[in-house]
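What follows is a short report on a single structure.
Residue numbers (our numbering): 2 to 579.
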């Protein structure tokens, strides 16, 4: 009766663990126990033969049910595939055929001789087994041994006390009846004590159902996911008690896994009102909370999901803990960096305003005074003063440009390298050069500012790729501010292309001496007395404002090559477009 009660309870409380193997086991156990009792009470050879056949069938059913239960419990899906299920069941189906043959045709392959005797209180039959019975018995013991090995392997692997206690109970329920049955078949005892073993099995079933809550949730069936992820996982029953916790949860919360199980999940997060609210309301949602681990404040995203059985009834919840401390720190640093950049941009705007107002106004006054005194000055002095004022005007313009280009880029779009280069060339191109775009790619950039970078680089190449003596050309090549357009070599070619990690601009002019390459990007550096020294500094400022790196090398034709590298942590850059 107890076996029937267990089967009925499991069947009516179907959960994530399939009830079919468990119900099958305990119905077969109940049938075995019933015929064993009747065999003791009703002593006749005909009934003994019938009861023996029932025991063959019920015994095989118990073994099959046990094997498939363990396969599901340990999540060994290989043995739950249809072909393998049929393969495992095939010997049992053959056994049924021999039971029918013995009954119908009087064969003796399964049993050779069965008589009823009053010799024992538990089994009143004496039998001589046939070869088929011996082979099937060996097969049954192989299945039982395989199931026991799977359970023992799980026991050694798992660290959670609740699960280990479950497995211990299941092992006892498996081993005790198997050992007693083996002792009887080996003639070590004169009576079949298997029914007593099944009684122990029933007691263990009651323990794992009501004490270890195996029918509520089956964590082992999810072991691969639980053990392989860094996300903390708490499995909570319908009453809010933690019944399982993986090692990641234990590490995240700085609580031993054994101390987590059996604890109320609301109590665990009692200091975090947002999490408690989600748990108490039964919501499926995410919230963020902080938790002190080893004296350090850490942050977690807490995801709560409900678990329902086949009837749609709530049987528990899964609480996932994702450590987002690094992400929170990064977001905080990003906010601080953004705030600092905004302050820097404000200061640069203020500086630009000062330059524009406080410097340009006196320059305008000086220019006006110069025009008024033009008749009183000789031509040479007038030209020198005018040239100096023009140079100061250029410095003011370049300083304003440097301030604007140095502001961190915050707005980006997908920009075609070819398109922006050709647009820049249209603003610079003269008869002194030609543009070649060797390859294209899509950049994440601020298009107007990127176009200004190309314009400055193109001017530098076109205006200083001259046919003047080599030493003078090299000096001019480091700065474009004072050069006059149209003095360059009509044959100078500027090439733009993509690299594996960025892009480049190169020319076939005289190039920049290696010893000067580290200096030419600095503001104010010029080898020309009339230059401002801001041209390439503006380029470098804009490149750095995008989060990129600029370097200068020599082109294949001996000219200057400017390479821009996009770091791996910079905004995404699309692949090269041929």
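Beta carbons: idealized from backbone N, C-alpha and C, even for Gly.
Query                                                                                                                             : Result
Exposure of residue 385, with buried meaning 16 or more beta-carbon neighbours within 10 Å                                        : exposed
Supposed contact pair residue 454 and residue 540 - C-beta distance, whole angstroms, cut 8 Å                                     : 5 Å
Sufficient close CB pairs (3 or more, under 8 Å) joining the region 69-76 to the region 46-60                                     : no
8 Å contact criterion, which residue 24 and residue 57 should meet: CB distance rounded                                           : Going by Cβ atoms, the distance from residue 24 to residue 57 rounds to 20 Å, so no, they are not a contact pair.
Run of the beta strand (DSSP E) containing residue 494, from where it starts to where it stops                                    : 493-500
Status (buried if at least 16 other CB within 10 Å, exposed otherwise) for residue 331                                            : exposed
Euclidean distance between Cα positions of residue 423 and residue 361                                                            : 33 Å
Neighbour flag for residue 456 against chain C, beta carbons, 8 Å                                                                 : Chain labels in this structure do not include chain C; a single protein chain is all it has.
Reference residue 36, options 497, 193, 102 and 565, closest by Cα                                                                : 193
Reduced DSSP secondary structure (H/G/I, E/B, other) of residue 288                                                               : strand
Beta-carbon contacts of residue 544 that lie in its chain and below 8 Å, excluding the five residues immediately before and after : 454, 550, 551 and 565
C-alpha distance - residue 508 paired with residue 556, whole-angstrom precision                                                  : 7 Å
Neighbourhood of residue 318 by C-beta distance below 7 Å, restricted to the same chain and skipping five residues each side      : 237, 305, 306, 307 and 308
Given residue 432 as reference, the closest of 542, 460, 288 and 418 once Cα atoms are compared                                   : 460
Collapsed DSSP secondary structure at residue 145 in the structure displayed                                                      : helix
Same chain only: Cβ atoms within 7 Å of residue 426, ignoring 5 sequence neighbours per side                                      : 436 and 459
Simplified DSSP state of residue 474, which is helix, strand or coil                                                              : Confidence at residue 474 is low in this model, with a pLDDT of 40, below 50, so the placement of that residue is unreliable and no value is reported for it.
Status (buried if at least 16 other CB within 10 Å, exposed otherwise) for residue 559                                            : exposed
Residue of 336, 378 and 502 minimising C-alpha distance to residue 569                                                            : 502
Cβ shell of residue 325 (< 8 Å), same chain only, five flanking positions each side left out                                      : 289, 300, 301 and 302
Under 8 Å between C-beta atoms of residue 63 and residue 26                                                                       : yes
Residue 29 versus 67, 142, 42 and 41, residue with shortest Cα-Cα distance                                                        : 67
Residue 269 versus residue 298 - alpha carbon distance                                                                            : 16 Å
Status (buried if at least 16 other CB within 10 Å, exposed otherwise) for residue 439                                            : exposed
Cβ-based burial, residue 562 [other Cβ within 10 Å; buried from 16]                                                               : buried
Proximity winner among 448, 498 and 371, relative to residue 442 (alpha-carbon distances)                                         : 498
Proximal residues to residue 315 (C-beta, below 7 Å), its chain only, five neighbours per side dropped                            : 239, 307 and 309
Cut-off 8 Å between Cβ atoms - residues of its own chain near residue 276, not counting five sequence neighbours on either side   : 270, 288, 290 and 303
Segment contact flag, the region 408-415 with the region 332-348, C-beta cutoff 8 Å, min 3 pairs                                  : yes
CB contact flag (residue 367, residue 416, <8 Å)                                                                                  : no
Candidates 519, 537 and 463: closest to residue 510 by CA position                                                                : 463
Identity of the residue in 42, 167, 134 and 86 nearest residue 1 by Cα                                                            : Nothing can be reported for residue 1, as the shown portion of the chain is limited to 2 through 579.
According to DSSP, residues forming a beta bridge with residue 307                                                                : 318
For residue 173 and residue 201, believed in contact at Cβ under 8 Å, the rounded distance                                        : 7 Å
Contacting residues, own chain, Cβ-Cβ under 6 Å from residue 141 (five flanking each side not counted)                            : 64
Length of the line joining the Cα atoms of residue 263 and residue 243                                                            : 5 Å
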